[in-house]
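Colleague:
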Amino acid sequence: MDFDVGTSLEVVSQYKKRRIPHKTDFQSCKVLRGIEVILPNLRSADYYMKPCLKELAARELVDPGYCSRVLDFTIGRVGYGSVKYLGETDIRQLDLDDIVKFHRHEVVVYEDENAKPVVGQGLNKAAEVTLVLRVRSLGFEEGKLEMIGDTLRMSAERQGAHFISFDPANGEWKFLVQHFSRFGLSEDDEEDIVIDDATVAQNPVGVNGGEISDIDEEEHVGPNGVLLSHSLPAHLGLDPVRMREMKMLMFPDEEEEAEDFKEILTCQKPSFGKEYIRPLHNSTQRMSHRSSPPVARKTPLALLEYNHGSFDSNSPGAILMAPQNKGMLLKPIKPEGSGFKLDLKQETPVTGSHSRNIVDAGLFMGRSFRVGWGPNGILVHTGTPVGSNNSQRVLSSVINLEKVAIDRVVRDENNKVREELIEFAFDSPLNFHNEINHETKEVEVGSFKLRLLKLVSDRLMLSEICRRYGDMLERRLEVPGLTSSTRVVLSHQVMVWELIKVLFSNRENSLKLKSLGADNEEDMMQDMKEASSEVDLEALPLIRRAEYSLWLQETVCPRVQDTISSLNESNYLEHVFLLLTGRQLDAAVELAASKGDVRLACLLSQAGGSMVNRADVLRQLDLWRINKLDFSFIEKDRLRLYELLSGNIHGALHDVNIDWKRFLGLLMWYQLPPDTSLPVVFHAYQHLLVDGKAPYPVPVYIDEGPVEEVVKWGTEERFDFSYYLMLLHASEEGDFGYLKTMFTALSSTNDPLDYHMIWHQRAVLEAIGAITSNDLHVLDMGLVSQLLCLGKCHWAIYVILHMPYCEDFPYLHVNLIREILFQYCELWSSEESQTQFIENLGVPAAWLHEAMAVYFSYYGDFSKALEHFLQCAHWQKAHTIFITSVAHKLFLAAKHSEIWRLATSMEDQKSEIENWDLGAGIYISFYLLRSSLQEDNNTMSELDSFVSKNAACREFLGRLHESLTVLSGRLQVDARVAYSKMAEEICGLLLSDIEGSTCDGQLSCFDTVSSAPIPEDLRSSYLQGAVSVFTCFLSEVAT
2 MDFDVGTSLE
12 VVSQYKKRRI
22 PHKTDFQSCK
32 VLRGIEVILP
42 NLRSADYYMK
52 PCLKELAARE
62 LVDPGYCSRV
72 LDFTIGRVGY
82 GSVKYLGETD
92 IRQLDLDDIV
102 KFHRHEVVVY
112 EDENAKPVVG
122 QGLNKAAEVT
132 LVLRVRSLGF
142 EEGKLEMIGD
152 TLRMSAERQG
162 AHFISFDPAN
172 GEWKFLVQHF
182 SRFGLSEDDE
192 EDIVIDDATV
202 AQNPVGVNGG
212 EISDIDEEEH
222 VGPNGVLLSH
232 SLPAHLGLDP
242 VRMREMKMLM
252 FPDEEEEAED
262 FKEILTCQKP
272 SFGKEYIRPL
282 HNSTQRMSHR
292 SSPPVARKTP
302 LALLEYNHGS
312 FDSNSPGAIL
322 MAPQNKGMLL
332 KPIKPEGSGF
342 KLDLKQETPV
352 TGSHSRNIVD
362 AGLFMGRSFR
372 VGWGPNGILV
382 HTGTPVGSNN
392 SQRVLSSVIN
402 LEKVAIDRVV
412 RDENNKVREE
422 LIEFAFDSPL
432 NFHNEINHET
442 KEVEVGSFKL
452 RLLKLVSDRL
462 MLSEICRRYG
472 DMLERRLEVP
482 GLTSSTRVVL
492 SHQVMVWELI
502 KVLFSNRENS
512 LKLKSLGADN
522 EEDMMQDMKE
532 ASSEVDLEAL
542 PLIRRAEYSL
552 WLQETVCPRV
562 QDTISSLNES
572 NYLEHVFLLL
582 TGRQLDAAVE
592 LAASKGDVRL
602 ACLLSQAGGS
612 MVNRADVLRQ
622 LDLWRINKLD
632 FSFIEKDRLR
642 LYELLSGNIH
652 GALHDVNIDW
662 KRFLGLLMWY
672 QLPPDTSLPV
682 VFHAYQHLLV
692 DGKAPYPVPV
702 YIDEGPVEEV
712 VKWGTEERFD
722 FSYYLMLLHA
732 SEEGDFGYLK
742 TMFTALSSTN
752 DPLDYHMIWH
762 QRAVLEAIGA
772 ITSNDLHVLD
782 MGLVSQLLCL
792 GKCHWAIYVI
802 LHMPYCEDFP
812 YLHVNLIREI
822 LFQYCELWSS
832 EESQTQFIEN
842 LGVPAAWLHE
852 AMAVYFSYYG
862 DFSKALEHFL
872 QCAHWQKAHT
882 IFITSVAHKL
892 FLAAKHSEIW
902 RLATSMEDQK
912 SEIENWDLGA
922 GIYISFYLLR
932 SSLQEDNNTM
942 SELDSFVSKN
952 AACREFLGRL
962 HESLTVLSGR
972 LQVDARVAYS
982 KMAEEICGLL
992 LSDIEGSTCD
1002 GQLSCFDTVS
1012 SAPIPEDLRS
1022 SYLQGAVSVF
1032 TCFLSEVAT
């Protein structure tokens, strides 16, 4: 026998420390073991006894046999009462947790009558009982106490007890009993006494004379895993166990729902870990390995009241949209059936700070509510609304329901969702993605097969792919009403696709070169074109460099022009310098020449060309410094130009702030040799960045702006997506360690929940072999969330099928797809195009039918639910719905052919269906028996006599009785009426042709129909017929 806290072993261990001779060690251990066995057992946290376990063990050790004669033994429960047994009591080996149970205003000893000993033995003996009544101590009127005392005295006498006293100060009611069963207040007595139900329960700790007793503080845990001592009844001072029993009696439907859920589990026939049905507040934990497919979760019951957040949308740090309608209550709309819909017209920002949640609302709402995330970015929680600056603590019972704006990418400057933006942002790119070649991989999921997809392409096709994606982005830019930050991000995305084409595409050897520009590199490429129509492989790096140089010029050109437009026209040298930062050499030379600065124009024409020219300019500057030339006579901007032409970009950029793309351009164009390959250029910039000598490649929404929201993330933590592409190109032959950081939303957009375009870029790069990723599930799920928010369930499943297969999580795709099918059934099932697309993806049709079956069952359309359960081969569930909700309605509506079709469709699987013969088998037997009885006697093969007729009818009516007995709790009144109609019709057919048979045969038929489940008036008429037949028989015998 184990004792967790305060057991006899603690006391015994103290005595072990005494010095005992070695010869007596074995004998002492035997004695201690014997003491441990005879001690009583009490583990409940708020129960106590006197003497306590320590004292019992100590006295038993000193005085063997003490536990068989404990004087005035007392057991009690804090806040409920106690029982003091008079005289000596034998408490050896008693399981006190099972024997003595205190509830609200009552005590039960030996609840099981079969285990109760005779009066005078065990704990079934005379005792003084004290029960703590929660009576309001305020406002007692004169005579009220006397009335309460009289009520308690009468209650005690009715139960065979002797009333002792009642103390209104502490609510203690004492009475004497001679033996035990149940003693306490009845419901009528509680109504006569003013009971305070709001009294908070005392601290459930065992107390012994002011000391905390050594009782194991084990929690009371209910069957569903809820800590009863922390539940709402305990918070209100009520008995959690009794309240749960009352709940089971008053709301049995919830228990049936649990049985239905268990039934679905049984139909799947896999083994599940406990983590699959864990509470939602643990859903953010890492998905554990599962060895079987998932099943549908029962839809939770609806909340009755909600509270929405109300706060300023302009609060700093808000990165998502604010409420549109402040002060509007969120009320649930209860449609027909048992379904639940929420009219949610509110959106809320989310910040990086915590929302100061107080307690889990599940403590207050029970099984009908669990805190967590709902569909379409709905966050349900308690405490302060997200993003609110109000630090005041709110009631923990107030539930806030807020919606995160995942769909901001398809909203215009007026915060309105635009259908054309949905088309250009999601539908068009995914349709094009679906048109590209794919390879498939079939994985087995139980008895089903799932077809996973992977994009396949080569670098020769990359140019066309990038061009198509760029065209879609440009069409989005043509949509009116876009915000300025959205236009910046979209323009950047166009350039990103161009950069992917430049860095990773290949061309055929016979491809003729295009004219790429007017600088020295491009002129060199033009010379090669004229010399030969075929591209030399050694020239490919130079060609790629020239294409990248042109891309960089186009990228920085808007920035250069915006800066020039704000300059003073009088300072043309600064104007020239800005043109050089964008590699606009023609414009710079023309400007210098127009100002009469011909020498500068000549130097500018050679900028970034031969290294000899750079060396000459650098030598001239060094000579001026050696000869101590006074540079104050030369314009500062002219010296800046000379430094740039000499290749000293840091000297040229002294006291000048420049963005990272133009700095990278200056490094490639003016400092490094013109034949330097792109990987060398990118590595050189990376080294300068590490040394702090180059500007950070911050994302475009920080670099170019404007951004409406304040961005709190440090620029050192993430770079621009285009810079990651450059690093990827530079390390294509080696290891690239920036993959996860590269494919985050914030590397390309200021919306941390927008993954729609970066997902396509990842897919294309992976298809051409530039990257290999198996752990970017956050990127996939981010796009899935966006698609689900817009109701694009078919595209969400399409994205999931592109997630790489992982051996550690073999059922990851199954879990996600089935979750979408069940949660968003109303969306995809209402659009034929979505349903057809999902089926074309290879998703098993049984999963779709199962989701629709659960959906229709939830909303009370059991006829459609039955059809879909049949389609997905959930025979047991289909049979249950058929018997309890469908068959009797069809029967009473005389739709017998439909009943026959449904019942016979399940007949081949009747071995898998529980109580088949008492369910659908009843209807099949009825129609077969009725058909046989209606046939002519000459054509009957089986029922060719009254004996066989009577036997068949008796067997059928007996099954009807058995079905009513077994399924009584699940059959509706209409189902019983249908059974009665069947019995009435069979009885009528049986008795319709009894003339001409023997008297015994007729009486046997009447005996059969008399036991049928038919109305009493009909039964009486049959009995009268039987009496008439028997009377005729007696008359014949008498004559």
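Going by this note's numbering, 444 is the number at position 443 of the sequence shown; the sequence numbering is gapless.
For glycine and all other residues, C-beta sits at the position ideal for the given N, C-alpha and C.
In this text the structure is predicted, and so the values were computed from the model without any measurement.
Locate the beta strand (DSSP E) running through D98, then write down its first and last residues.
Modeller: Against the sequence shown, residue 98 aligns to sequence position 97. No beta strand (DSSP E) holds D98; the alpha helix (DSSP H) holding it covers L97 to I100.
Colleague: Would you kindly work out how many angstroms separate the C-alpha atoms of T582 and Q762, rounded to a whole number?
Modeller: Within the sequence shown, the letter at position 581 stands for residue 582. Within the sequence shown, the letter at position 761 stands for residue 762. Cα to Cα, the separation comes out at about 29 Å.
Colleague: Nearest to W876 by alpha carbon, out of M853, D909, V887 and R902?
Modeller: Working through the sequence shown from its first residue, we reach residue 876 at position 875. Of the candidates M853, D909, V887 and R902, the one whose C-alpha sits nearest the C-alpha of W876 is D909.
Colleague: Can at least three beta-carbon pairs, one atom from the segment 471–491 and one from the segment 763–781, be found at a separation below 8 Å?
Modeller: No, they do not touch.
Colleague: How would you write the range of the beta strand (DSSP E) that V133 sits in, first residue to last?
Modeller: Numbered from 1 along the sequence shown, position 132 holds the residue referred to as residue 133. Element bounds for V133: A128 to V133.
Colleague: Using alpha carbons as the reference points, say which of V691, L592, H889 and L990 lies closest to D1023.
Modeller: On the sequence shown, position 1022 is the one that residue 1023 refers to. In the sequence under discussion, the amino acid at residue 1023 is Tyr, which differs from the Asp named in the question. The shortest Cα separation from Y1023 among V691, L592, H889 and L990 belongs to L990.
Colleague: Are S605 and A589 touching if we call contact CB-CB under 8 Å?
Modeller: Working through the sequence shown from its first residue, we reach residue 605 at position 604. Working through the sequence shown from its first residue, we reach residue 589 at position 588. The sequence shown places Leu at residue 605, rather than the Ser named in the question. Against a cut-off of 8 Å, the Cβ pair of A589 and L605 comes out as a contact.
Colleague: Given this structure, state the Cα-to-Cα distance separating V887 from S864, to the nearest angstrom.
Modeller: As a first step, residue 887 must be located in the sequence shown, where it is residue number 886. As a first step, residue 864 must be located in the sequence shown, where it is residue number 863. Distance between the alpha carbons of V887 and S864 is about 6 Å.
Colleague: Would you mind working out which of P805, A846, E833 and A852 sits nearest E820, comparing C-alpha positions?
Modeller: On the sequence shown, position 819 is the one that residue 820 refers to. Answer by Cα proximity: A852.
Colleague: With distances taken Cα to Cα, identify the nearest neighbour of K637 among E575, E956 and Y111.
Modeller: Here residue 637 refers to the residue found at position 636 of the sequence shown. Of the candidates E575, E956 and Y111, the one whose C-alpha sits nearest the C-alpha of K637 is E575.
Colleague: In the structure shown, what three-state DSSP assignment does W917 receive?
Modeller: Residue numbering aside, residue 917 sits at position 916 when the sequence shown is read from its first letter. Note: W917 maps to coil in three-state DSSP.
Colleague: For R584 versus E705, is the C-beta spacing smaller than 8 Å?
Modeller: Here residue 584 refers to the residue found at position 583 of the sequence shown. Here residue 705 refers to the residue found at position 704 of the sequence shown. Not a contact, by the Cβ cut-off of 8 Å.
Colleague: Could you have a look at Y49 and say whether DSSP puts it in helix, strand or coil?
Modeller: Position 48 of the sequence shown, counted from the start, is the residue given in the question as residue 49. If DSSP states are grouped into helix, strand and coil, Y49 belongs with the strands.
Colleague: For L820, does the three-state DSSP call read helix, strand or coil?
Modeller: Walking along the sequence shown from the start, residue 820 turns up at place 819. Per the sequence presented here, residue 820 reads as Glu, with Leu not at that position. In this structure, E820 counts as helix in the three-state DSSP scheme.
Colleague: Can the beta-carbon of Y48 be found closer than 8 Å to that of I76?
Modeller: Walking along the sequence shown from the start, residue 48 turns up at place 47. Walking along the sequence shown from the start, residue 76 turns up at place 75. Yes. Within cutoff.
Colleague: Just checking my contact of V418 with D408 at CB under 8 Å: how many whole Å lie between their CB atoms?
Modeller: One-based indexing of the sequence shown puts residue 418 at position 417. One-based indexing of the sequence shown puts residue 408 at position 407. Correct: roughly 6 Å between the Cβ atoms.
Colleague: Is the segment 672–681 touching the segment 536–550, taking contact as three or more C-beta pairs under 8 Å?
Modeller: These segments touch.
Colleague: Within a Cβ cutoff of 7 Å, which residues of the same chain sit near R955, ignoring the five residues on either side of it in sequence?
Modeller: Numbered from 1 along the sequence shown, position 954 holds the residue referred to as residue 955. Within the same chain, R955 has close Cβ partners T1009.
Colleague: For R469, which option in E436, E915, T487 and K455 has the closest C-alpha, if you only look at C-alpha atoms?
Modeller: For this step, residue 469 is matched to residue 468 along the sequence shown. Selected option, being the one with the closest Cα: E436.
Colleague: Return the CA-CA distance between V495 and H439, expressed in angstroms with no decimal places.
Modeller: Stepping through the sequence shown from its first residue, residue 495 is reached at position 494. Stepping through the sequence shown from its first residue, residue 439 is reached at position 438. Taking the straight line joining both Cα atoms gives about 24 Å.
Colleague: Spell out a yes or no on whether the segment 455–464 and the segment 808–828 are touching, meaning 3 or more CB-CB pairs, one atom from each, closer than 8 Å.
Modeller: Output reads no: the segment 808–828 does not touch the segment 455–464.
Colleague: Can at least three beta-carbon pairs, one atom from the segment 57–64 and one from the segment 114–124, be found at a separation below 8 Å?
Modeller: The segment 57–64 is not in contact with the segment 114–124.
Colleague: Looking at the unbroken beta strand (DSSP E) that takes in G185, where does it start and where does it end?
Modeller: Stepping through the sequence shown from its first residue, residue 185 is reached at position 184. R183 to G185 is the extent of the beta strand (DSSP E) around G185.
Colleague: Whole angstroms is fine: what's the gap from E56's alpha carbon to L33's?
Modeller: On the sequence shown, position 55 is the one that residue 56 refers to. On the sequence shown, position 32 is the one that residue 33 refers to. Approximately 14 Å, taken between the alpha carbons.
Colleague: Is the Cβ-Cβ distance between Y1 and L586 less than 8 Å?
Modeller: This structure does not reach residue 1, given that the chain is present from 2 up to 1040, and the question cannot be answered.
Colleague: E963 and L919 - do their beta-carbons sit closer together than 8 Å?
Modeller: Mapped onto the sequence shown, residue 919 falls at position 918. Mapped onto the sequence shown, residue 963 falls at position 962. Closer than 8 Å, so yes.
Colleague: Once you ignore the five residues that flank D413 on each side, which residues in its own chain have a CB closer than 7 Å to its CB?
Modeller: Locating residue 413 in the sequence shown gives position 412, where the first residue counts as 1. Excluding residues within five positions, the ones whose Cβ falls inside 7 Å are R419, G482 and L483.
Colleague: Quick check: S774 and P700, are their CB atoms within less than 8 Å of each other?
Modeller: Within the sequence shown, residue 774 is the residue found at index 773, counting from 1. Within the sequence shown, residue 700 is the residue found at index 699, counting from 1. Going by C-beta atoms, S774 is not nearer than 8 Å to P700.
Colleague: By the three-class DSSP mapping on this structure, what secondary structure does E443 have?
Modeller: Locating residue 443 in the sequence shown gives position 442, where the first residue counts as 1. Strand.
Colleague: So, helix, strand or coil for Y86, using DSSP?
Modeller: Counting from 1 along the sequence shown, the entry for residue 86 is found at position 85. Reduced to three states, the DSSP call for Y86 is strand.
Colleague: According to DSSP, is N358 part of a helix, a strand, or is it coil?
Modeller: Indexing the sequence shown from 1 puts residue 358 at position 357. Bear in mind that the predicted position of N358 carries a pLDDT of just 40, short of 50, making it unreliable; the figure below should be weighed with that in mind. In this structure, N358 counts as coil in the three-state DSSP scheme.
Colleague: Out of G88, K145, E158 and D151, point me to the one whose CA is closest to K126's CA.
Modeller: Along the sequence shown, one-based indexing puts residue 126 at 125. Checking every option, the nearest Cα to that of K126 belongs to G88.
Colleague: State the DSSP-derived secondary structure class of H803, mapped to helix, strand or coil.
Modeller: On the sequence shown, residue 803 is found 802 positions in, with the first residue counted as 1. In this structure, H803 counts as coil in the three-state DSSP scheme.
Colleague: Less than 8 Å between the CB atoms is what I'm expecting for L640 and F632, so what's the real figure, rounded?
Modeller: One-based indexing of the sequence shown puts residue 640 at position 639. One-based indexing of the sequence shown puts residue 632 at position 631. Contact holds; Cβ gap of about 6 Å.
Colleague: Going by beta carbon distance, what residues of the same chain come within less than 7 Å of A653, once the five residues before and after it are set aside?
Modeller: Sequence index remark: in the sequence shown, residue 653 carries index 652 (1-based). Excluding residues within five positions, the ones whose Cβ falls inside 7 Å are R641, E644 and L645.
Colleague: Under 8 Å, do L729 and F737 count as touching if we go by C-beta distance?
Modeller: As a working mapping, residue 729 is identified with position 728 in the sequence shown. As a working mapping, residue 737 is identified with position 736 in the sequence shown. Contact: yes.
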